[in-house]
Amino acid sequence: IERNTYFHEIKYPTYEQFIHLEINQRYNPSFSCPCSTSMMKYKDFMHIDYDLHLLCSSNYVKLQELKNPSLNRFLPTDFRTLAPQLFHSFTNLCKVSNDYIKKSLILFNASSFVIKESFSQETFNLKINTYKDTFISTTTRSFARNLAIILNITWSNEIVSSRRTNFLFHLVATNSLFQLQFSPLSYSKPENMHNLCICSLSMRCFDPMSIYLNNNTHFNKLFEIPGFYTGCLQTESIRHSTLICLFNQSCVDLISFWLNIFTLETLDIHNLYHFSVNSTIESIQNEMFVDRWKVYSSHRAFYEQCRPNYCSYTLIEYKSIWLIITIMLELIGGFMKIMKLILPHFVHYIFLLNFCFCHKKSRTLVLTISFPKFSIRLILRRFSQLNLFSSNSSNQNNERESHDQLLAIRIFLIVFIVSIIILTTYSSQVQLTKTVIISNPSIEQYFSLYKIHSETISCPCENIAIQRKTFISLQATFHQVCQSSSIFGTILSLCQLSFMTVNDGLIDFNAASFVSVKVISEKELLMQSESLIDVFISTSENIFINTLQLVRDTTYANSLLSGFDTSTTVELFPINETLIKVRLLPRQYNLSTSCTCYNDPTCIEPAGIYSNESISPSLTVINDN
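And the structure:
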């Protein structure tokens, strides 16, 4: 029944030794090979590669002979007008996606993760897939979020497209000059093609791309290009388009004829790995045009970076039947020897008691009283004559030598007894450290032990990296204006961007690991959790604000025109019958300070409702507070 525990330790095991040990001790929970380092870079044992969509390597993104047609010959929404911008957008999206992935991979390869011990090939493969999925998820969400911010800010500022896809230009005569004004275009709604969608109210307005026939007096739709759409913002309409036409030879021949380009090739559907012919550009863009991710990893390289100094395991064995029989025989032999020594004296003592019991009472009393006195006297006499030395001296020196020996013995005993007393007193004053090990303690046991031994308790963690979502639950409550049905388009756009930023941040926050080599107290955990949450909130706010500011600064630096004339007014002065002078005038706000949009993009004034007869507001919107 008794078990024997054997501890085995292998110093500096090679990779082959580790594989052999891992196979043999796979189901042994005590098997462990601690790494000599606790941090390891991803690039040391894995490499992520990717294949972009067929479009990114096709000649559709390399067209050099496609020139911008004359805007007077075709409608602004004609495919021949939009084709250069369409294919140029494909080129930019592929390039931006590829650059973003490369930069993200540089950061990923330079980052480190926490490792405690080496693990098997199967566990290694599972972790590799987890690392890959986390990288892909984080990168794609960040990429999609940045594009969404740029798109929403562009629409909110009503930036005028030079392709006249969102605003038309009109000249309004005022005295001796003309003023250029913009009116928003309208398209069909995605959910109902019979209802109009105005670009000033929504950016999700688009119609199928078509080729129109110019009859000098009006334009007639000749046919639609399958899968391609045009709308207020070309980037948004492209997102809802598909590449189904480019996979069809007849459709490719058709657009080649109308564009007068005969180098276009049909995309091969058999070379698609993940996407399909009907995949929208939005779905392809959200995955950064990556059709396939490829991961190369090496378990040997991982083990060499881990470099365990030793591998250890324990084996528990029960004693064999032959060993048990041998031990039993040895015990019986030892027991018999002990009985030979004790039994004669024990029998003699029994007989002595029996003899005393059977005699007269008086004699028994005398013996009973005198026996202890005789024993004590005998012990004292023997103790006083105690001599541990053996004497070989002659008779005349025997008495002197015996006296010296007795004196030495007594001095020795006195010193020995005093030493014992001193050692006993010292030992009673010294604090002894006692280590108590409790295997697999419950949370109740930990709390109970922490109350008593808060300064000395230590509970090493089996897993030193724990996902935050296992013990932190973080939720965001947004401003009530974001749930309101009466909301302006720009505010709604900002709310949607906020939703996206916060939700993406929460996914990354929950997936991140909390590193601790031992269990920490509830108070310390609460403090660290609050610190992590504060850092997350601050970081999310800064990223969101900085991204918005970057787009705003870029828009201001490029002096882009707004369709609502909020930044610049365009005036035209006729010089003669063939010459008109164009003047761009910046808008002024807050006339008391003369803040112009050329000098300061943050010029503002209270919103108002104006009458047609006066530039002064008849109603001003102010804050009640």
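Position 462 of the sequence shown, counting from 1, maps to 467 under my numbering, and the rest follow consecutively. Here a beta-carbon is modelled for each residue, glycine too, at the ideal position from N, C-alpha and C.
From this set, the options, which residue's C-alpha is nearest residue i's C-alpha?
i    : options                   : result
C500 : H484, D513 and F514       : H484
N97  : T144, H304 and S62        : S62
F84  : L264, S498 and I289       : L264
R78  : M45, N219, R146 and N64   : N219
S117 : F50, C608, C602 and C99   : F50
S191 : F172, L259, Q184 and Y594 : F172
E287 : S246, P213 and N604       : S246
V441 : T461, P189, I425 and K586 : T461
D56  : K48, K299, F569 and V520  : K299
T159 : I614, I580, P606 and R557 : R557
N161 : A517, G568 and Y615       : The sequence shown places Ser at residue 161, not Asn. For the residues A517, G568 and Y615, the minimum Cα distance to S161 belongs to G568.
S444 : I24, S35 and Q30          : S35
P81  : G338, F267, F140 and S167 : S167
F148 : L206, F294, H25 and I457  : F294
E292 : Y65, I538, L152 and T128  : L152
G494 : C204, I525, I538 and F129 : C204
L511 : Q472, I426 and D212       : Q472
A612 : D605, T571 and I580       : T571
S2   : V507, T573, E529 and N581 : Residue 2 lies beyond the stretch modelled for the chain, which goes from 6 to 630, so this question has no answer here.
T475 : Q450, S453 and A516       : A516
C40  : I120, D212, L589 and L584 : I120
Work out the CA separation of residue j and residue i for me, nearest whole Å.
i    : j    : result
D296 : L176 : 48 Å
F549 : S503 : 8 Å
S94  : S242 : 11 Å
S123 : T319 : 17 Å
T179 : L566 : 21 Å
L553 : I155 : 8 Å
V626 : C202 : Residue confidence for V626 is low, a pLDDT of 45 falling below 50, so the modelled location carries little weight and cannot support an answer.
T703 : P591 : The displayed coordinates of the chain run from 6 to 630. Any statement about residue 703 would go beyond what the structure contains.
E163 : N551 : 21 Å
L131 : Q480 : 29 Å
H275 : N283 : 14 Å
I614 : T170 : 28 Å
L497 : P446 : 52 Å
L238 : Q290 : 16 Å
I111 : H52  : 11 Å
S125 : L531 : 35 Å
Q310 : S303 : 11 Å
S133 : R244 : In the sequence as presented, Ser is not what sits at residue 133; that position holds Ile. Cα to Cα, I133 sits roughly 32 Å from R244.
D138 : N103 : 18 Å
Tell me the residue span of the beta strand (DSSP E) that contains residue i.
i    : result
D296 : V295 to S302
E576 : T573 to P579
G236 : F224 to G236
T179 : F172 to T179
I203 : L201 to I203
N64  : Run containing N64: none; DSSP gives neither H nor E here.
R280 : What sits at residue 280 in the sequence shown is Phe, not Arg. Per DSSP, F280 belongs to no beta strand (DSSP E) and is neither H nor E.
I614 : G613 to Y615
Give me, in chain order, the residues of the same chain whose beta-carbon lies closer than 7 Å to that of residue i; leave out the 5 immediate sequence neighbours on both sides.
i    : result
S375 : Model confidence at S375 stands at a pLDDT of 45, short of 50, so the residue's coordinates are unreliable; what they give is reported in the following sentence. The answer is none, since no qualifying residue turns up.
R305 : Y20
I492 : V486
Y594 : C600, C608, I609 and E610
G232 : S246, T247, L248, I249 and C250
K365 : The predicted model places K365 with a pLDDT of 49, which falls under 50 and marks its position as unreliable; any figure quoted below should be read in that light. Contacts found: none.
For the alpha helix (DSSP H) containing residue i, name the first residue and the last one.
i    : result
P89  : F84 to A115
N151 : Q126 to S161
Y20  : Y20 to N29
D258 : Q254 to L264
D636 : The chain is shown from 6 up to 630; residue 636 falls before or after that span and cannot be answered.
N219 : That residue, N219, is in no alpha helix (DSSP H); its beta strand (DSSP E) goes F211 to N219.
I249 : Counting along the chain, I249 falls outside any alpha helix (DSSP H), and DSSP gives it neither H nor E.
Give a yes or no on whether 8 Å exceeds the smallest Cβ distance from residue i to chain B.
i    : result
Q472 : Note that chain B does not occur in the displayed structure, where there is just one protein chain.
For residue i, collect the residues of the same chain with a Cβ closer than 6 Å to its Cβ; drop the 5 residues on either side in sequence, then sort them by chain order.
i    : result
L269 : V257 and S261
A562 : none
Q22  : none
F12  : T319
F224 : L80 and Y217
By Cβ distance below 8 Å, which residues in the same chain neighbour residue i in space, the five residues on each side in sequence not counted?
i    : result
L272 : L59, L60, S63, L248, L251 and F252
F174 : L185, Q186 and F187
K523 : S463, C464, P465 and C466
Y47  : F113, N114, S116, S117, F118 and Y136
S37  : E122, C316, S317 and Y318
L428 : none
Contained beta strand (DSSP E) runs [length at least 3] in the segment 441-484, N- to C-terminal order
470-472
For the segment 520-594, list the beta strand (DSSP E) runs that are entirely contained and at least 3 residues long, ordered along the chain.
573-579 and 585-591
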